[in-house]
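Undergrad: To start, I am sharing the structure in question, which I have written as structure tokens.
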Amino acid sequence: MGYQKNDLVTVRIEDMGQNGEGIGKADGYTLFVKDTVIGDVIRAKVIKAKKNYGYGRLMEILTPSENRVEPRCPVARQCGGCQLQMLDYREQLRYKENKVKNDLQRIGGFENPPMEPIIGMEDPWRYRNKAQFPIGYDREGNLVAGFYAGRTHTIIPCKDCLLGAPENRPVLEGVLDWMRENRIPAYDEADGRGLVRHVLVRRGFSTGEMIVCLVINGAELPAPERLVSRLKKIKGMAGITFSSNTARTNVILGDNVSTVWGRPYITDCIGPVKYRISPLSFYQVNPVQTKRLYETALEFAGLTGSETVWDLYCGIGTISLFLARQAGKVYGVEIVPQAIEDARRNAAENGIENAEFYVGKAEEVLPGYYARYEQEHGEKAHADVIVVDPPRKGCEESLLETMVQMQPERIVYVSCDPATLARDLKYLCGRGYELRRVRPADMFPMTVHVETVVLMSRVKD
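The sequence shown begins at 140 in our numbering and counts up by one.
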């Protein structure tokens, strides 16, 4: 039987989907219900009805699952940031392991992928070293900072996210007080007016250094000295900056960052390597798990000291410099020029001389290098190991093709999306590589996201 919109339905949740939503059946009719976990018996209101399935809103939990826990955050349900706070952490890890395994089987066609236990956290709270808070108004016209509600641009007020550093709160309170006192308006997406769009905070967990970047819809920051006098008192404050973004866009940061006070970067360490991080640089948000993720990538790379390694989508050189200590030569590629500047500086500051960095799209730089190398040297360019850590969309096919042509002994793929990972691995396995090891890592507890490190080896003829 089917259901209509606004029907009330009693459902037992038997599975969880890609985005953390509970999945249950009522008289054979499949219903997807957010904020539910496997084992819950609930009453839901149908909010969207298709012929064979629908979407429901949780109205009441009739019998809670034994794996359900009380969310710590008071706005966990409204805020779009955490999808799994109501699920016991051990079950979150099991869910993520299954997510990776299922995508490898369903999309990649790997019948029995060589899964290894997920790398979980001992304390899955307060792990984020970066936070981006939109600034706006509530219904009464009061200035607020917080996070967008799921799939909307309505701001849920929240100055202290339990995934972020406690220091975020005084930063936001200082910015909002400065805006009120100087009558500085928040940006309004509807009409493109107003000044302050977002506040970005980065904190080095090993150094305690902090940098603030205000994203503004303009070229100048009004009353900067008053902002500085408030924020520089906060422990660890190393720099106060702003980024101009006047485009009508969902992209948060502009292309450049101007320094108002202090310096335009912080430093942080992962293991023995020290990194300089600017507001525009990509840097993993969970330093505890990043160390473990990179150690896994290093182990999978199997370096002996003489290898030539390419690190694609290298950011500020985080993985490159980790690998360079045990490789012959490392080449890093990244599209953001500022990140490459940071990468070169990071190499110099760590005394690493065997790392070279290129600015550009990995899918253009590597094929271009490969073609030039053959012209100039009369032989094919070769890599012993290629490490790739692409964005969510995965790798362009042209890049995968060049990787295969360079015939590395090993490919280490670090992925933030199991679906595109599975697609890319299927391509590589059809062209002379085999899947050897798969190790998920929980970089983002309380959310549905999962990172995975994969080792592929070239099949010997």
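We treat Cβ as the ideally placed atom computed from N, Cα and C, and that holds for glycine.
Note that the structure is predicted; figures quoted are calculated from it, not measured.
Taking Cβ to Cβ, would you say residue 367 is nearer than 9 Å to residue 379?
TA: Walking along the sequence shown from the start, residue 367 turns up at place 228. Walking along the sequence shown from the start, residue 379 turns up at place 240. It is a contact, given that the beta carbons lie within the stated cut-off.
Undergrad: Can you say whether residue 248 is buried or exposed, counting buried as having 16 or more other CB atoms within 10 angstroms of its CB?
TA: Here residue 248 is taken as the residue at index 109 of the sequence shown, counted from 1. With fewer than 16 other Cβ atoms within 10 Å, it is exposed.
Undergrad: Going by DSSP, what residues sit across from residue 292 in a beta bridge?
TA: Numbered from 1 along the sequence shown, position 153 holds the residue referred to as residue 292. For residue 292, which the question treats as bridged, DSSP gives no partner whatsoever.
Undergrad: Quick one: Cα of residue 434 to Cα of residue 456, how far?
TA: Residue mapping note: residue 434 aligns to position 295 of the sequence shown, counting from 1. Residue mapping note: residue 456 aligns to position 317 of the sequence shown, counting from 1. Rounded to the nearest angstrom, the two C-alpha atoms are 15 Å apart.
Undergrad: Return the chain-ordered list of same chain residues with a C-beta closer than 6 Å to the C-beta of residue 144, the five sequence neighbours on each side being excluded.
TA: As a working note, residue 144 is residue 5 in the sequence shown. Closer than 6 Å at Cβ, skipping near neighbours: 185, 188.
Undergrad: Determine the extent of the alpha helix (DSSP H) in which residue 539 is found, giving its start and end residues.
TA: Numbered from its first residue, the sequence shown carries residue 539 at position 400. Start and end: 536-544.
Undergrad: Express the C-alpha separation of residue 415 and residue 485 in angstroms, rounding to a whole number.
TA: As a working mapping, residue 485 is identified with position 346 in the sequence shown. As a working mapping, residue 415 is identified with position 276 in the sequence shown. Rounded to the nearest angstrom, the two C-alpha atoms are 6 Å apart.
Undergrad: According to DSSP, simplified to helix, strand and coil, what is residue 486?
TA: Translated into the one-based positions of the sequence shown, residue 486 becomes position 347. The answer is helix: DSSP assigns residue 486 an H, G or I state.
Undergrad: Out of 265, 594, 214, 257, which one is the CA nearest neighbour of residue 286?
TA: Numbered from 1 along the sequence shown, position 147 holds the residue referred to as residue 286. Per the Cα distances, 214.
Undergrad: Who are residue 325's beta bridge partners in DSSP?
TA: Counting from 1 along the sequence shown, the entry for residue 325 is found at position 186. Residue 325 is bridged to 335.
Undergrad: Inspect the beta-carbon positions of residue 197 and residue 585 and report whether they are closer than 9 Å.
TA: As a working note, residue 197 is residue 58 in the sequence shown. As a working note, residue 585 is residue 446 in the sequence shown. No.
Undergrad: Measuring only the C-alpha atoms, how far is residue 235 from residue 229?
TA: Here residue 235 corresponds to residue number 96 of the sequence shown, with the count starting at 1. Here residue 229 corresponds to residue number 90 of the sequence shown, with the count starting at 1. Roughly 10 Å between the two C-alpha positions.
Undergrad: Around the Cβ of residue 560, are there at least 16 other Cβ atoms within 10 angstroms (buried) or fewer (exposed)?
TA: Looking up residue 560 in the sequence shown gives position 421. With 16 or more other Cβ atoms within 10 Å, it is buried.
Undergrad: How about residue 243 and residue 256: are their beta carbons less than 9 Å apart?
TA: In the sequence shown, the residue the question calls residue 243 occupies position 104. In the sequence shown, the residue the question calls residue 256 occupies position 117. No, these two residues do not count as a Cβ contact at 9 Å.
Undergrad: Give the single residue among 391, 173, 193 whose Cα lies nearest to the Cα of residue 272.
TA: For the purposes of this step, residue 272 is identified with residue 133 of the sequence shown, where counting begins at 1. That would be 391, whose Cα lies nearest to the Cα of residue 272.
Undergrad: Quick one: Cα of residue 166 to Cα of residue 147, how far?
TA: Taking the first residue of the sequence shown as position 1, residue 166 is located at position 27. Taking the first residue of the sequence shown as position 1, residue 147 is located at position 8. If you take the alpha carbons of residue 166 and residue 147, they lie about 13 Å apart.
Undergrad: Note the first and the last residue of the continuous beta strand (DSSP E) segment covering residue 371.
TA: Within the sequence shown, residue 371 is the residue found at index 232, counting from 1. Counting along the chain, residue 371 falls outside any beta strand (DSSP E), and DSSP gives it neither H nor E.
Undergrad: Taking the beta strand (DSSP E) that residue 554 belongs to, which residues open and close that run?
TA: Here residue 554 refers to the residue found at position 415 of the sequence shown. That run of the beta strand (DSSP E) goes 549-554.
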